[in-house]
Amino acid sequence: MQPPLTKDYFSLFGLPIDFHIDDEELTARYREMQSAVHPDRYASAAAQEQRISLQMAARINEAYQTLRHPLSRIRYMLELKGVDPRQADSAPDPAFLARQIEWRETLEDIRESGDPGHGLAALNEEVGARIATLLEKVAAELKDDTRLPSALTHFLELQYYYRLLEEARDIEDMLEQDGSGHT
1 MQPPLTKDYF
11 SLFGLPIDFH
21 IDDEELTARY
31 REMQSAVHPD
41 RYASAAAQEQ
51 RISLQMAARI
61 NEAYQTLRHP
71 LSRIRYMLEL
81 KGVDPRQADS
91 APDPAFLARQ
101 IEWRETLEDI
111 RESGDPGHGL
121 AALNEEVGAR
131 IATLLEKVAA
141 ELKDDTRLPS
151 ALTHFLELQY
161 YYRLLEEARD
171 IEDMLEQDGS
181 GHT
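Numbering (our numbering), first residue to last: 1 to 183.
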């Protein structure tokens with residue numbers, strides 16, 4: 001057994017390097033591969049085989065976790081193309097910054113309102129639509145190396161939108177708990 005440590009995550013699963021992947025196919029291949037290299041299968045094997053099995057299982061799990069989430073998949077694809085999103089020094093668009101402030105205020109208003117349901121639904125719908133649009137833009141941009149700076153900018157915006165959705169879900173959870181009387 002040789003560890004597939006040199007393959008990129010897409011190749012590891014036999015997938016083309018593309019933003020659009022079949023989630024069901026990815027999950028099926030992940031389960032197949034994890035089953036084949038699961039450390040329990042190598043419990044009675046030599047120490048080196050056990051170590052390799054653990055390395056392979058860890059690599060497969062890391063690859064799966066990266067590819068199954070759109071944001072981590074984009075980050076990984078940028079890194080494959082030599083762009084490190086953590087080193088990004090691009091200043092956000094002023095209009096985008098202004099919109100961030102508006103959404104933060106909207107979230108605060110929702111948190112403090114007597115009937116937050118409608119506001120949360122509208123915010124989730126608007127942010128979800130923006131995410132969908134940006135994901136399609138990034139998918140196209142990642143196919144053209146000359147558009148990588150734009151892909152990076154959109155990736156950074158997507159990070160913000162996903163955080164905003166997470167905050168909205170946290171508010172929703174908090175309000176549901178408060179409304180349930182903590183039973």
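Ideal Cβ positions, reconstructed from N, Cα and C, are used throughout, including at glycine.
None of the values given here were measured: they were computed from a predicted structure.
Looking at the secondary structure, which residues open and close the alpha helix (DSSP H) in which residue i lies?
{"i": "R41", "result": "Where R41 is concerned, there is no enclosing alpha helix (DSSP H), given that its DSSP letter is neither H nor E."}
{"i": "Q65", "result": "A47 to R68"}
{"i": "F19", "result": "Careful: F19 lies outside any alpha helix (DSSP H) and carries neither H nor E."}
{"i": "F10", "result": "Y9 to L12"}
How would you call residue i, buried or exposed, if buried means at least 16 neighbouring beta carbons within 10 angstroms?
{"i": "S53", "result": "buried"}
{"i": "I74", "result": "buried"}
{"i": "A98", "result": "exposed"}
{"i": "A132", "result": "exposed"}
{"i": "T153", "result": "buried"}
{"i": "L26", "result": "buried"}
{"i": "A151", "result": "buried"}
{"i": "E157", "result": "buried"}
{"i": "M56", "result": "buried"}
{"i": "F96", "result": "exposed"}
DSSP on residue i, reduced to helix/strand/coil?
{"i": "S113", "result": "coil"}
{"i": "G181", "result": "Annotation note: pLDDT 44 at G181 (below 50); position unreliable, coordinate value reported separately. Three-state result, G181: coil."}
{"i": "H118", "result": "helix"}
{"i": "V127", "result": "helix"}
{"i": "K81", "result": "coil"}
{"i": "D93", "result": "coil"}
{"i": "A36", "result": "helix"}
{"i": "L142", "result": "coil"}
{"i": "A88", "result": "coil"}
Are residue i and residue j touching if we call contact CB-CB under 8 angstroms?
{"i": "L78", "j": "T106", "result": "no"}
{"i": "F19", "j": "L142", "result": "yes"}
{"i": "L135", "j": "P94", "result": "no"}
{"i": "I110", "j": "I171", "result": "yes"}
{"i": "I60", "j": "V37", "result": "yes"}
{"i": "L191", "j": "V127", "result": "The shown model of the chain, from 1 to 183, leaves out residue 191, and the question about it has no answer."}
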